[in-house]
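FYI, in my numbering the residues of the sequence shown are 7 to 459. For each residue, glycine too, the CB sits at the ideal point set by N, CA and C. Quick caveat, the model's predicted, so the values are computed rather than measured.
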Amino acid sequence: MSATPLTVTLTPLANGLVGGTYNGSVTFTVQVNGDTVSNNLPVTFNLESHKLLVDGNGVALASTPGLSKLTSTVRVRDNLGLATNWTATSSPNQSWLTVTPSGTAGGDLVLTANPSGLVTDSVNLATVTITSPDTTVENTETIRVGLWVGSTTPAPTTAINTAYNEVAADPIRPYAYVAGAGGNIQVYNVYTGLPGTPIISGASQVGALAISHDGSTLYVVDTSTLKIVPVNLDTYVAGTAWPLSGSPTYPRIVYARTNGFAFVLAGDGRVYDATSGAVLAPTFFGAVSEIAVARNGTLFCAEIACRTLDYTALRGGELSIGALRFLIPTDSPENRKDVAISNDAARIYLASGYPYYFLVFDGTTLNQLSTLAGDAYPNIVEVAADGRVFGGAFFGSFTNDNDVWVYDAGGAPLTTRQIAGLLLDRQLKISGDGIRMITLSDAPALTFTTVGP
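Right under this line is the structure:
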């Protein structure tokens, strides 16, 4: 036996393995004075899963005589930052939808609809499947696409004079889901203003609503039982409800995906698996009235408290929540009402009763960068799928009749709108195609307003 150290290199054989944590051991054996001495050394091999992902896996397109959006561009990315080849196909074989057939991660997938020959006043659905010839890629990413073909151009404003408290916008269909008193959810077409088949959620009293990015599931808070009810939006069938932890004062919820993993954040400070409802290990600062998550799933804010997000395949799969940090305003926001995050997590927006404008923060440093013009009293901020920023104020302006302000992703003003009545806190959504704005006010009114394309 020599006293000279010997370096041993261990090289994992990753071929054929999926992402996860692998445990084993290495046995070292030496001869000492004719005796055999052995020792086992534990070895852990961590292999992150390899995925192709899109941040927006639900796309809405529309065609009417005077307003249309027939093309959408989606960025396909590799979660490991590799230049992985991919292919895309549409199913079922829909002649109205064409897609970029192939590309490389970091490039764009272009979806183009042709409404010719389709029945008017119809919703047409397709699924785009993204795969890779690279055998290390574990997942198949899908994008659900909806196309509304309307026979008429909608009026600039359509108002439904019914009292509702909560609204959600379908990301692929031309529908708004609204809730008032009781457990039913009313469905409206944002173009025609006509009601559809109501959803029987099974809840005693419907509260906050959230919807998956692909338009497959609506998540409904039952404020009577403090449970979340998942509703299949293809069938309108309610699934098994799961309980919110404790008795949250503000049972707000928001849906998100990070690294391909879907979950629901709730105002009780808990995170729930979006499929099973299981409570995930990380917790965050709860008892908040507003929550927002970036569309890319990397950052969330509960009021002014923000954390990063990620999901790893290691140790059986874990959602990780970063260190607690707070927004750093140069103004002094009071009576905070709503928060929103840009799709790429680069900017955070805050609406507070005072000051009478919207605050803009850097998504990395959390320092306040600028403001966006508003009026008394800011109570809504929303980021559309196309990156536009919508701000709403309870009263609005007495001089120029504005209570909604629209900005591009860079903060440049685009347009303003006046909505009848006083806007309800946080109750402004944008249709998936970006054409119609959906608001609730105390008029009472559910209002559909043209704001695009």
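- Would you give the residue range spanned by the beta strand (DSSP E) that E172 belongs to? E172 to A175
- Query: Are three or more beta carbon pairs between the stretch 184-197 and the stretch 29-37 nearer than 8 Å?
  - Reply: no
- Proximity of G440 and D392 at Cβ, strictly below 9 Å: yes
- Would you check whether the ligand FAD has a heavy atom nearer than 8 Å to the C-beta of S31? The ligand FAD is not part of this structure, which contains no ligands at all.
- If we count the other Cβ atoms within 10 Å of its Cβ and call it buried at 16 or more, is S210 buried or exposed? exposed
- Thinking just about the alpha-carbon of each residue, which of L356, V143 and I178 is nearest to the one in L372? L356
- Item | Residues near K435 in its chain [Cβ-Cβ closer than 6 Å; skip 5 each side] | V173, A175 and I444
- Examine the Cβ distances between the stretch 155-171 and the stretch 231-242 and report whether three or more of them are shorter than 8 Å. no
- Message: Using the three-state DSSP reduction, which class does R394 fall into: helix, strand or coil?
- Response: coil
- Task: Locate the beta strand (DSSP E) running through D431, then write down its first and last residues.
- Result: L429 to I436
- Expressed to the nearest angstrom, what Euclidean distance is found between the alpha-carbon atoms of R258 and G273? 5 Å
- Beta bridge counterpart(s) of E5 as assigned by DSSP: Coverage of the chain is limited to positions 7 through 459, which leaves residue 5 absent and any answer about it impossible.
- Message: Rounded to whole angstroms, what is the Cα-Cα separation between G322 and A20?
- Response: 17 Å
- Could you tell me how far apart the beta carbons of S218 and Y261 are, in whole angstroms, since I believe they sit closer than 8 Å? 5 Å
- Is DSSP giving G64 helix, strand or coil here? strand
- Spatial neighbours of V345 within its chain, please: CB distance less than 6 Å, with the 5 preceding and 5 following residues excluded, ordered by chain position. E296, A298, C307 and L356
- Task: Specify the secondary structure class of R258 as computed by DSSP and reduced to three states.
- Result: coil
- Item | Proximity below 9 Å, CB of F290 to CB of I310 | no
- Task: Select from Y197, N85 and A214 the residue whose C-alpha is nearest the C-alpha of I234.
- Result: A214
- Given that a residue counts as buried once 16 or more other Cβ atoms are within 10 Å of its Cβ, and exposed if not, what is I334? exposed
- Should T27 and T50 be called a contact, given that it needs their Cβ atoms to be closer than 9 Å? yes
- Can you tell which of P180, E388 and K75 has the C-alpha that lies nearest to the C-alpha of F364? E388
- Query: Taking just the CA atoms, how far does G328 sit from G303?
  - Reply: 13 Å
- Query: From T110, P121, G87 and N130, pick the residue whose C-alpha is nearest to that of P98; which is it?
  - Reply: N130
- Quick one: Cα of T336 to Cα of Q374, how far? 6 Å
- Item | Proximal residues to S96 (C-beta, below 6 Å), its chain only, five neighbours per side dropped | L103, V105, A132 and V134
- Return yes when the Cβ of K75 is within less than 9 Å of the Cβ of L88, no when it is not. no
- Item | V270 to Y278 span [Cα, whole Å] | 5 Å
- Query: Could you check where the beta strand (DSSP E) with V193 kicks off and where it finishes?
  - Reply: N190 to N195
- Task: Excluding the 5 residues preceding and the 5 following G113 in the sequence, name in chain order all residues of the same chain whose CB lies nearer than 7 Å to its CB.
- Result: V82
- What does a CB cutoff of less than 7 Å around L58 pick up in its chain, not counting 5 residues either side in sequence? V82, D84, T90, W92, A111, I136, S138, V143, N145 and E147
- Message: Please report the straight-line C-alpha distance between L4 and A244, rounded to a whole angstrom.
- Response: Because residue 4 is not part of the residues shown, which for the chain are 7 to 459, the question remains open.
- What is the DSSP secondary structure of R321, counted as helix, strand or coil? helix
- Task: Could you spell out where the beta strand (DSSP E) holding D368 opens and where it closes?
- Result: Y363 to D368
- Message: Here's the rule: buried if 16 or more other CB atoms are within 10 angstroms of the residue's CB, otherwise exposed. What is A284?
- Response: exposed
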